[in-house]
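What follows is a short report on a single structure.
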Amino acid sequence: VEEEEDAPVPAPAPASASIPLPDTINIKVHFWKGQPRVRCHVSKDLPQPTIAHKTIEDSYDILVARIKRALIRVTGLEWPSGGRPYLQPTHTTTQTNYQELNEDNFSDLVAKVWCSEARRLDDLAEVSVNVFVYLSVP
Numbered sequence: 373v374e375e376e377e378d379a380p381v382p383a384p385a386p387a388s389a390s391i392p393l394p395d396t397i398n399i400k401v402h403f404w405k406g407q408p409r410v411r412c413h414v415s416k417d418l419p420q421p422t423i424a425h426k427t428i429e430d431s432y433d434i435l436v437a438r439i440k441r442a443l444i445r446v447t448g449l450e451w452p453s454g455g456r457p458y459l460q461p462t463h464t465t466t467q468t469n470y471q472e473l474n475e476d477n478f479s480d481l482v483a484k485v486w487c488s489e490a491r492r493l494d495d496l497a498e499v500s501v502n503v504f505v506y507l508s509v510p
């Protein structure tokens, strides 16, 4: 009796399978006093708002407007003219490697970071994207 060849076994799905983006992503904004990509510490008296970002509708300009609105409560510090928000690509990335956000890369980077965090965390409700805004004394 001849043995039949086993049918090929399908390869398992890759661990990095794409997780669909939700309609709304939480963006945690961290205001820090200091220069971008230079080690500095959070000031306890600065707000740390969470912005509900609609993935389809909201643009980079809308995020910037919401950040500026949150800064109204901050006294003695300002976001320098031309300053940009910085994205923490992974939860272990150091400040020197944060990525500057702009109109061109905003949607892609936010989606990429959200998906990376979603794979890392078990509870999708806990997933957020960390954005850092560096403030200076006027």
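Just so we're aligned: 436 in my numbering is position 64 of the sequence shown, and the numbers increase by one with no gaps anywhere.
From the three backbone atoms N, C-alpha and C, an ideal C-beta is built for every residue, glycine too.
Residue interval of the alpha helix (DSSP H) (run including residue 416): In this chain, residue 416 is not harboured by any alpha helix (DSSP H), its DSSP state being neither H nor E.
Residue 459, DSSP secondary structure in three states: If DSSP states are grouped into helix, strand and coil, residue 459 belongs with the strands.
When 435, 488, 415, 431 are compared against residue 500, the one with the closest alpha-carbon: The shortest C-alpha separation from residue 500 is found at 488.
Residue 443 burial status per 10 Å Cβ neighbour count (16 or more: buried): Classification for residue 443: buried.
Neighbourhood of residue 440 by C-beta, 8 Å cutoff - its chain only, sequence neighbours within 5 removed: Cβ neighbours of residue 440 within its own chain (closer than 8 Å, five residues either side excluded): 451.
Coil, strand or helix - residue 397 by DSSP: Residue 397 falls in the strand class under three-state DSSP.
8 Å Cβ cutoff met for residue 421 and residue 401: With contacts defined as CB atoms closer than 8 Å, residue 421 and residue 401 qualify as a contacting pair.
Rounded straight-line distance, which links the Cα of residue 510 to that of residue 463: Take the alpha-carbon of residue 463 and the one of residue 510: they are about 31 Å apart.
Limits of the alpha helix (DSSP H) - the one that residue 479 falls within: DSSP places residue 479 inside the alpha helix (DSSP H), whose first and last residues are 478-492.
C-beta atoms of residue 474 and residue 432 nearer than 8 Å: Cβ distance < 8 Å, so residue 474 and residue 432 count as in contact.
Secondary structure of residue 498, DSSP reduced to three states: Three-state DSSP puts residue 498 in a helix.
Spatially closest choice to residue 483 from 411, 407, 503, 416, by CA coordinates: With distances taken between Cα atoms, residue 483 lies closest to 503.
Proximity below 8 Å, CB of residue 409 to CB of residue 467: Closer than 8 Å, so yes.
Coil, strand or helix - residue 449 by DSSP: The three-state reading of DSSP puts residue 449 in coil, since its state is none of H, G, I, E or B.
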